[in-house]
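*Asks:*
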Amino acid sequence: MSTPASPAPPLNSSSQHPEPAEEYPICTCFQVWESTIERAVRRLGLTTVEEIQRATQAGCGCHTCWPDLEEILARCARGEYKFPLEDGAQATPQPENQPTS
Ligand code: FES
Numbered sequence: 774m775s776t777p778a779s780p781a782p783p784l785n786s787s788s789q790h791p792e793p794a795e796e797y798p799i800c801t802c803f804q805v806w807e808s809t810i811e812r813a814v815r816r817l818g819l820t821t822v823e824e825i826q827r828a829t830q831a832g833c834g835c836h837t838c839w840p841d842l843e844e845i846l847a848r849c850a851r852g853e854y855k856f857p858l859e860d861g862a863q864a865t866p867q868p869e870n871q872p873t874s
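Heads up: the sequence shown begins at 774 in this note's numbering, then just goes up one per residue.
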């Protein structure tokens, strides 16, 4: 007796991280790597290219990388991540049994 195969989980969902992607500098003017930009977007909740510029300097030169920055923003908005957050940055433990006043 066999059981039907369950469907494969979706790739790039917010609950999964694919293998670390091969990365390259998105912004060659300032040598800002894709993982740096993605992590800044996630940690700081960035939603615009201007916010990425302020946080990472990416996009502050020739502007050639702006389409890539916009793609990273769109990808992160969909919950599709290429790079895991570094250890200790994924969640803040909530204190238990807080005293009530
Ligand atoms: S490549 Fe990013 S500003 Fe020039």
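From the three backbone atoms N, C-alpha and C, an ideal C-beta is built for every residue, glycine too. Bear in mind the structure is a predicted one, so any value in this text is a computation, not a measurement.
Please classify R812 as buried or exposed, where buried requires at least 16 neighbouring CB atoms within 10 angstroms.
*Replies:* Flag for R812 reads buried.
*Asks:* Exposed or buried, which one is A778 when buried takes at least 16 other CB atoms within 10 Å?
*Replies:* Reliability of the predicted coordinates at A778 is poor, the pLDDT of 46 falling under 50, and no value is obtained from them.
*Asks:* Please determine whether the Cβ atom of V822 lies at a distance below 8 Å from any heavy atom of ligand 1.
*Replies:* Incorrect: V822 has no Cβ contact closer than 8 Å to ligand 1.
*Asks:* With burial defined as no fewer than 16 other Cβ atoms inside 10 Å of the residue's Cβ, what is the status of G834: buried or exposed?
*Replies:* Counting Cβ neighbours within 10 Å, G834 comes out exposed, since fewer than 16 surround it.
*Asks:* Which partner residues does W839 have in the DSSP bridge list?
*Replies:* W839 is not bridged to any residue.
*Asks:* Does the structure place the segment 818-837 close enough to the segment 852-859 that three or more beta carbon pairs sit under 8 Å?
*Replies:* Cβ pair count under 8 Å is below three, so no.
*Asks:* With a 10 Å radius around its C-beta and 16 neighbouring C-beta atoms as the bar for buried, classify E823 as buried or exposed.
*Replies:* It is exposed - the Cβ of E823 has fewer than 16 other Cβ atoms within 10 Å.
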